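Residue numbering for the sequence shown follows our numbering, starting at 351 and increasing by one per position.
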Amino acid sequence: MTRRLLLSYLSLAALVLVGLEIPLGFVYSRAERERIVNSAKDEVDAVAAFAELSLAARRRAELVERTERCAERIGGQVVVLDADGTLLAASPRLSYREERALADSPEVAAALRGRDGTDVHATTIGGVHHLSVAAPVGQPAAQGAVRITLPTDAVHARVHRVWLLLAFVGLAVLTWVAAVAFAFARWAGRPIRRLEEAAHRLADGGVSAGVPVTSGPPEVRSLAAAFNRTAARLEHLLASQRAFAGEASHQLKTPLAALRLRLENLEPAVARRARPGLAAAVTETDRLARMVEGLLAMARLEEDATLPGPVDVGEVCAERHRTWQPLFAREDVSLVLFAGSVGPVLALPGAVEQILDNLLSNALRASPAGSTVTMELRLVVPTRRPLRDSRPSWVDLHVTDEGPGMTAEQRARAFDRFWRAPGAPKGGTGLGLSLVQRLAHASGGEVTLRPAATGGLDAVVRLPSAESPGEVRESGSAGSGRRERGVPTGEGSSGRRRVTTCP
Numbered sequence: 351m352t353r354r355l356l357l358s359y360l361s362l363a364a365l366v367l368v369g370l371e372i373p374l375g376f377v378y379s380r381a382e383r384e385r386i387v388n389s390a391k392d393e394v395d396a397v398a399a400f401a402e403l404s405l406a407a408r409r410r411a412e413l414v415e416r417t418e419r420c421a422e423r424i425g426g427q428v429v430v431l432d433a434d435g436t437l438l439a440a441s442p443r444l445s446y447r448e449e450r451a452l453a454d455s456p457e458v459a460a461a462l463r464g465r466d467g468t469d470v471h472a473t474t475i476g477g478v479h480h481l482s483v484a485a486p487v488g489q490p491a492a493q494g495a496v497r498i499t500l501p502t503d504a505v506h507a508r509v510h511r512v513w514l515l516l517a518f519v520g521l522a523v524l525t526w527v528a529a530v531a532f533a534f535a536r537w538a539g540r541p542i543r544r545l546e547e548a549a550h551r552l553a554d555g556g557v558s559a560g561v562p563v564t565s566g567p568p569e570v571r572s573l574a575a576a577f578n579r580t581a582a583r584l585e586h587l588l589a590s591q592r593a594f595a596g597e598a599s600h601q602l603k604t605p606l607a608a609l610r611l612r613l614e615n616l617e618p619a620v621a622r623r624a625r626p627g628l629a630a631a632v633t634e635t636d637r638l639a640r641m642v643e644g645l646l647a648m649a650r651l652e653e654d655a656t657l658p659g660p661v662d663v664g665e666v667c668a669e670r671h672r673t674w675q676p677l678f679a680r681e682d683v684s685l686v687l688f689a690g691s692v693g694p695v696l697a698l699p700g701a702v703e704q705i706l707d708n709l710l711s712n713a714l715r716a717s718p719a720g721s722t723v724t725m726e727l728r729l730v731v732p733t734r735r736p737l738r739d740s741r742p743s744w745v746d747l748h749v750t751d752e753g754p755g756m757t758a759e760q761r762a763r764a765f766d767r768f769w770r771a772p773g774a775p776k777g778g779t780g781l782g783l784s785l786v787q788r789l790a791h792a793s794g795g796e797v798t799l800r801p802a803a804t805g806g807l808d809a810v811v812r813l814p815s816a817e818s819p820g821e822v823r824e825s826g827s828a829g830s831g832r833r834e835r836g837v838p839t840g841e842g843s844s845g846r847r848r849v850t851t852c853p
């Protein structure tokens, strides 16, 4: 903002100076030219009057003497011709070529014809600019002509000095305007910068200490006051939401756990024909508990302003595979992990774990006995890009099952809250995929659902890689997407894949 204000003030000042100084310079140049022309006309008229008297009295010597004095005084050249164009007097003396070309010059020819007034012409003699003025001797019939030639170097030098002076004055004015404008721009922009810093702190999850409202223009002070009220209200709302999430987590978990315990204790006292209803009540209680957990997780995610950081996605996948392996084995479903050297990704703390838990839970419920659920990491590097391209690479996390899958319309609605596909297994809450989508977006990535080649569903979570483009190119061969079986779990060499299979 300071730079823009400074450029605006300087541009306006420069336009004003150009509009004033350039016309002033041209006016001065025209005035100097008219001054030297008028001076030359006065001199040529005086010499012409003296030449008329000298020719009438036949005193040529006095004419030559007057010509020499006039030429010495003006620093130029004075030439007197008779009516036939014969040279009568000249100072300084002319060469033979100059004397022959004298009568053919436009100003002298016009004076010999007895033209009233004078003829002014600009000429260049020996690389020097001259101003030539000629006048007839005698009226009405011309008895001769007088020509005075003045060098214009002195006039040009004065004009150049004036232009330099105007340029110096303009530069001085611009410097002064720049100093004043910079001070004003800093004064006007300081509250805006403070507002920007406070807004960034608030956006990053920090506590806003408020912005001073005692400096800057009135509009900025009013904006600062409004920002302080907004920040205070937002902090109050966030604090209330955090308190609600914490209290709700405690207040809801305890009654739900007590309700489930009471339902289980009722089983011996319930008739055999009523036990299916009791089992359904226990199942719904568990579903309600999971729904409460999902809602609280989404509430914590919406109020949490933590920034994404590097996460070892391969290690997280291996850890979640070990955790879920017994559950998949109990349901007779194989869980296969293809984890390669894809490097770290940028994600919120704990986001990858929650994403995997929700995707694996959905895949387990949708997978029939004897089927396979696959977890796979793939490095996606943009191709055909220049060496200096700074576009990031991505890491795709695939969770693929062999269940019934979803139609295109169902996949489009799968991320809506509380939506469940028709015929979906019991026990779901309709919040898992919505939470996965929010976690992926908060980490700077995205999630999509695709039909799997095995007929099931392929859930793809794309997260930004934490490595620089150069590092990605060096290890890019590790993300070719090729599967290799038989490599034991553990850290492998670059380009090798880790494969873990749960029968």
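Where is the CB? At the ideal position from N, CA and C, for every residue including glycine. Model, not experiment: these values are computed from the prediction.
Residue i classed as buried or exposed, judged by whether at least 16 other C-beta atoms fall within 10 angstroms
i	result
Glu585	exposed
Asp682	exposed
Asn615	exposed
His671	buried
Arg354	exposed
Ser358	exposed
Trp674	buried
Asn708	buried
Gln489	exposed
Leu515	exposed
Ser590	exposed
Thr724	buried
Leu431	buried
Paired residues, beta bridge with residue i - DSSP
i	result
Asp808	Thr750 and Arg800
Pro486	Ala495
Gln427	Thr499
Leu696	Pro660
Trp744	Val730 and Pro814
Ala439	Val430
DSSP state of residue i mapped onto helix, strand, coil
i	result
Ala364	helix
Leu785	helix
Ala621	coil
Gly690	strand
Arg728	strand
Asp432	strand
Ser815	strand
Ser572	helix
Ala548	helix
Thr352	helix
Thr633	helix
Val854	Only positions 351 to 853 of the chain appear in the structure, and residue 854 is not among them; the question remains open.
Phe344	In the structure as shown, the chain begins at 351 and stops at 853. Residue 344 is therefore absent and cannot be evaluated.
Gly560	coil
Thr757	coil
Arg465	coil
Ala451	helix
Arg410	helix
Nearest-angstrom Cα separation, counted from residue j out to residue i
i	j	result
Arg380	Glu371	14 Å
Leu365	Ala533	21 Å
Leu729	Ala553	31 Å
Asp503	Val509	10 Å
Leu362	Leu573	27 Å
Thr750	Gly693	22 Å
Glu547	Ala629	57 Å
Leu611	Ala624	17 Å
Glu665	Pro699	14 Å
Ala531	Phe765	54 Å
Gln427	Glu393	11 Å
Glu726	Ala689	6 Å
Val811	His748	7 Å
Leu462	Trp513	39 Å
Val632	Arg544	56 Å
Gly494	Arg511	40 Å
Leu481	Gly539	58 Å
Met756	Arg579	48 Å
Arg465	Ala485	8 Å
Ala697	Asp808	21 Å
Gly560	Gly566	15 Å
Pro626	Val620	10 Å
Ala593	Val745	36 Å
- Message: If we require 4 or more residues per run, which alpha helix (DSSP H) segments fall completely within the stretch 650-687?
- Response: 663-680
- Could you tell me which uninterrupted alpha helix (DSSP H) segments, each at least 4 residues in length, are contained entirely in the stretch 363-397, listed from first to last along the chain? none
- Query: Unbroken beta strand (DSSP E) runs of length 3 or more, entirely within the stretch 507-552: which are they?
  - Reply: none
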